[in-house]
Structure formats: C-alpha cells, structure tokens
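K.L.:
First, the structure itself, so that you have it in front of you.
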Amino acid sequence: MKKFMATLLAVVTALSLVACGGKKAENTVFSVEDLPGKTIGVQLGTTGDIYASDYEAEGSTIERYNKGNDAVQALKQGKIDCVIIDEQPAKAFVDKNDDLTILDEEFALEEYAICVAKENADLTAAINTALDELKADGTLDKIISNYIGDDTKGKFQYESPADVDRSNGALVMATNAAFEPYEFYEGDKIVGIDADMAQAVADKLGMELQIEDMEFDSIITAVQSGKADIGVAGMTVTEDRLKNIDFTNPYTTATQVIIVRK
-19 MKKFMATLLA VVTALSLVAC GGKKAENTVF SVEDLPGKTI GVQLGTTGDI
31 YASDYEAEGS TIERYNKGND AVQALKQGKI DCVIIDEQPA KAFVDKNDDL
81 TILDEEFALE EYAICVAKEN ADLTAAINTA LDELKADGTL DKIISNYIGD
131 DTKGKFQYES PADVDRSNGA LVMATNAAFE PYEFYEGDKI VGIDADMAQA
181 VADKLGMELQ IEDMEFDSII TAVQSGKADI GVAGMTVTED RLKNIDFTNP
231 YTTATQVIIV RK
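Once you know that position 140 of the sequence shown is 120 in my numbering, the rest is easy, because the numbers rise by one and skip nothing.
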C-alpha cells in the first residue's frame, strides 16, 4: 500500500508539473570553477558559509539557512544551485535523497577544534592534555570510526569508565545538533562524534558533561558569555573566529564538499 501511494504521489507531482508548464531544475554546477554567478546554499555561520562568501565578489548569491537540511531542501526544489557543507553530513543527506549527489572535486580541507573563551586558558590547556591522551591511546580514532567508515562503523560505542570521578563540576557544551555524524539526535538524546569526544574529555577532566543545543551562529556567543564552557559543533579555526574566541588543538580533519542535483 505504501509503495502504491508513493507511486501515485510521484505521478500526481509529474502531472502537476506538466499542467503548470514546469519542469525539473537541471544541475548547472559540475566543478568548483562553476560557482561564480551561482546561488549557493550554506548553513549560517559555518565554514561553508565563510568560504562561500568569497564568491559574492564574483557575482554569486549566498543563501544562508539555520539548518543544513533546509539548504538541501531548497536545492531539491530548484531554489539554489548547490550546497557547500562538510563531507560527512553531505553523505548523510545524499544517502536519504537519491536525486542529489556530491561532486568528486573537494571544495576545501579543514581541521575541527573545540572553542573556549579567551579568559579560560586553563580549561583550554586541560582539554589539550585530555585530547593528547585520547589520541595516544586510540580512543579518539575509535570514536570517529564508530560513525565513519564501512569496516568499523557501529563497532565502537564510547562508554565512560565505571569509576570516573566527576567531582570537578559540570562541563557545558554548546552545539548545533543537526550535523550528522558529528552531532545529531537519536530519540531525545544528542549523539555523534563530537558528543562522544566531549564525553571522553569530560571523563578525563573529572566533570559531568551537559550538552546544550542551539543555532550554530549562537555557539561562540554562548561560550564568550559563559552560558557554555565549550563550543563543539564541527567548528573550524579561522582568523575571524580567533578574534573573539580561543581554540584547542584540532581533534579531526574534515573536507568541505559541494552537493548538487543529479
């Protein structure tokens, strides 16, 4: 019955397009060289937003959305020509939308780090020490591989040590939980690479992790104001961000890619 209804909906949609004289929007972006003059969708405040903004001087229009999924839906509807976003969320979007694809050509390579208030240098140093330990013992690699990679995905779910001491208080993490596989919801719980990594860091620091979900472009302000201790949301270190916030050492490398219609 579900299959019949899906087929019926597709037929009705097609007939509606014909009746209205409309047609499916064709792809016009086949490489990075095609970006000038195009309408580019990005998630507001992300690295994709920062990089795409450079193309405004070349005649491109940048459409900024609060969520990556909103940009993807606009692409499907023909409102924009492409979406620039991190590779792993891009893969998740494309897996769920068979009318979209990712260009083979990489757009940009970046490193993700944790943002911390400038006046909280002791916390930055403590997190760097924790990250070094998590890298050295292989925990960080396992956390990442639990969410990325065909051979190891789903095989390592991070669990806090049973005897962990949490006497050092709460570590409040600001994030935007719409960035799979880095942070996303499973039921009412925020999970993902960043959530597990932050939990492992909190365990090292003897703290209780508390995750606060908010719009991406509110994260740095939350950390600056003290509403949150750290910002973790697939955040890249940039010169503009360093004017307002400090960053820890990088914990992973990521790639910005371009999603287009097939």
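C-beta atoms are modelled at their ideal positions from N, C-alpha and C, and glycine is treated no differently. Owing to the predicted nature of the structure, the values given are computational and were not obtained by experimental measurement.
For a cutoff of 8 Å on Cβ pairs, would you count glutamine 179 as touching chain D?
P.N.:
This model lacks chain D altogether; it includes just one protein chain.
K.L.:
Mapping DSSP to helix, strand and coil, what is glutamate 90?
P.N.:
As a working mapping, residue 90 is identified with position 110 in the sequence shown. If DSSP states are grouped into helix, strand and coil, glutamate 90 belongs with the strands.
K.L.:
Pick helix, strand or coil for valine 12, following the three-state DSSP scheme.
P.N.:
In the sequence shown, counting from the first residue as 1, residue 12 sits at position 32. In the structure shown, valine 12 sits in a helix (DSSP, three-state: H, G or I).
K.L.:
Take the Cβ of lysine 18 as the centre, count every other Cβ of all protein chains shown within 10 Å, and call the residue buried at 16 or more, exposed below.
P.N.:
Translated into the one-based positions of the sequence shown, residue 18 becomes position 38. It is buried - the Cβ of lysine 18 has at least 16 other Cβ atoms within 10 Å.
K.L.:
Using three-state DSSP, classify tyrosine 31 as helix, strand or coil.
P.N.:
As a working note, residue 31 is residue 51 in the sequence shown. Tyrosine 31 falls in the helix class under three-state DSSP.
K.L.:
What three-state label does DSSP hand arginine 241 in the structure shown?
P.N.:
Sequence index remark: in the sequence shown, residue 241 carries index 261 (1-based). In the structure shown, arginine 241 sits in a strand (DSSP, three-state: E or B).
K.L.:
How long is the line joining the alpha carbons of threonine 8 and isoleucine 20, rounded to whole angstroms?
P.N.:
Looking up residue 8 in the sequence shown gives position 28. Looking up residue 20 in the sequence shown gives position 40. If you take the alpha carbons of threonine 8 and isoleucine 20, they lie about 11 Å apart.
K.L.:
What is the residue span of the alpha helix (DSSP H) that lysine 115 lies within?
P.N.:
Indexing the sequence shown from 1 puts residue 115 at position 135. Element bounds for lysine 115: 101 to 116.
K.L.:
For asparagine 126, count the other beta carbons within 10 Å of its own beta carbon; 16 or more makes it buried, fewer makes it exposed. Which is it?
P.N.:
For the purposes of this step, residue 126 is identified with residue 146 of the sequence shown, where counting begins at 1. Counting Cβ neighbours within 10 Å, asparagine 126 comes out buried, since at least 16 surround it.
K.L.:
Whole angstroms is fine: what's the gap from valine 74's alpha carbon to valine 237's?
P.N.:
In the sequence shown, the residue the question calls residue 74 occupies position 94. In the sequence shown, the residue the question calls residue 237 occupies position 257. Approximately 12 Å, taken between the alpha carbons.
K.L.:
Exposed or buried, arginine 241, counting other C-beta atoms within 10 Å across all chains shown (16 or more means buried)?
P.N.:
Here residue 241 refers to the residue found at position 261 when the sequence shown is read from its first residue. Its Cβ being crowded by 16 or more others within 10 Å, arginine 241 is buried.
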